[in-house]
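Q:
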Amino acid sequence: MTRIILFRVVRSLITLLIAVTIVFFFIRLSGDPAQALAPPDAPPEVVEAYRVKLGLDKPLPVQYANYVLGLFQGDFGYSIHTGKSSLTLFLDRLPATLLLGGTALAIAVVFGILIGAVAALNRNSFIDRLVMGFSVFAFAMPNFFFGLVVILTGALVFGVFFGAAANGHISLLLLLPPAATLGLASMGAFARFTRSSLLETINQPFMMALEARGVPAARRLWRHAASNAAIPIVTMLGLSLGGLVAGAVVTEQVFAWPGVGQLLVRSVATRDIAVVQFLVLAVTFSMTFANLAVDILYSFLDPRIRRAAS
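Be aware that the sequence shown starts at 1, since it is given in UniProt numbering, and climbs by one per residue.
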């Protein structure tokens, strides 16, 4: 088991290194940040001065080496527009993103598993077809389009604008619409995954043996079927985290949510390379760490992996 965990930790570190390299080189394909920072009519000498200030006058391999060395030293760079540390800007926006993402994940997990279980217990019925139709709709609906529909419906029908205030004020009324929008696709995926996992478990021979022994249906469902069906659902949880992180960027922009995703979009638009590099790295690290935690949890939940490790 320890060897499996160490292997996955090393694999996660390699993933982070690859992400750092890709972000560093690809972000420089968007143009010269010195030209974006300098005035439009600035002479070449001024642009070159900005380039020297940002360290862009050095060869690209030297820039990459300095960047990686700075990461190990805790130097994540500074915004070329505000002068603030990238870490400070990230931490200022992180609570809002965690609140939005956590609420969206809770909505997706609770309601997705609930309606998936209802569909499994009413297989081939109207309820089953209704739930599966909803799950396909939820999974296929682009979150930015659904977000716009929610905003327009709230404004035109209910007279309420579901967008965060300009001063960053957050309330429950402003939280639920973007959280539901962000968690919609994951909710559909959880519903389908829960249904298939429960049906597969219910049809196993040991479940039929429990029924033959007279074990009550509720006990068979919650104590035996649910625990065995939870193993693949944990895997789905890890996969959905990536979708939630990626969807948060669009959802925060649509609802003007003052989170990390909105900061990332603005930094890309203004070519604030230090902030963009750090935010992408932070998002990659969070996704990698979350998937690593899910992998380790899966190893403990699945007895087949424990037996293989031993």
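Beta carbons: idealized from backbone N, C-alpha and C, even for Gly.
Fair warning: this is a prediction, and the values are worked out from it, not measured in the lab.
From the DSSP output, which residues share a beta bridge with S85?
A: For S85, which the question treats as bridged, DSSP gives the partners Y78.
Q: Could you give the C-beta distance for P205 and F255, rounded to a whole number, given that I count them as a contact under 8 Å?
A: That belief does not hold up - the Cβ atoms of P205 and F255 are roughly 49 Å apart, past 8 Å.
Q: Taking the C-alpha atoms as reference points, what is the distance between L56 and Q63?
A: Answer to the nearest angstrom: the Cα atoms are 7 Å apart.
Q: Report yes if the CB atom of Q277 is closer than 8 Å to the CB atom of F24, and no otherwise.
A: yes
Q: Relative to the C-alpha of A290, which candidate in M236, A217 and G133 has its C-alpha closest?
A: With distances taken between Cα atoms, A290 lies closest to M236.
Q: Sort G70, E48, F300 and L239 by Cα distance to D32 and report the nearest one.
A: E48
Q: Can you tell me whether DSSP reads I18 as helix, strand or coil?
A: Helix, per DSSP.
Q: Could you check what DSSP says for P142 in three-state terms: helix, strand or coil?
A: The DSSP-derived three-state label of P142 is coil.
Q: Tell me which residue opens and which closes the alpha helix (DSSP H) that N66 is part of.
A: L60 to F72 is the extent of the alpha helix (DSSP H) around N66.
Q: Report the CB separation of A108 from S186 in whole angstroms; it is logged as a contact under 8 Å.
A: 4 Å
Q: Count Cβ pairs between the segment 204–220 and the segment 121–128 that sit closer than 8 Å; are there 3 or more?
A: Between the segment 204–220 and the segment 121–128 there are fewer than three inter-stretch CB-CB distances shorter than 8 Å, so the stretches are not counted as touching.
Q: Are I296 and R8 touching if we call contact CB-CB under 8 Å?
A: yes
Q: Looking at the secondary structure, which residues open and close the alpha helix (DSSP H) in which G243 lies?
A: A226 to V254
Q: If you run the structure through DSSP and keep just helix, strand and coil, what is W222?
A: W222: helix per DSSP, three-state reduction.
Q: Could I get the ranges of all uninterrupted alpha helix (DSSP H) runs contained in the segment 100–164, with 4 residues as the minimum, in chain order?
A: 126–140 and 143–156
Q: Mark D272 as exposed unless 16 or more other C-beta atoms lie within 10 angstroms of its C-beta, in which case mark it buried.
A: buried
Q: Helix or strand or just coil, what does DSSP make of T270?
A: coil
Q: Measuring straight from C-alpha to C-alpha, what distance separates S86 and N143?
A: 28 Å
Q: Between which two residues does the alpha helix (DSSP H) containing P258 stretch?
A: Here P258 belongs to no alpha helix (DSSP H), and DSSP marks it neither H nor E.
Q: So A212 is in the alpha helix (DSSP H); what residue range does that whole segment cover?
A: P205 to A212
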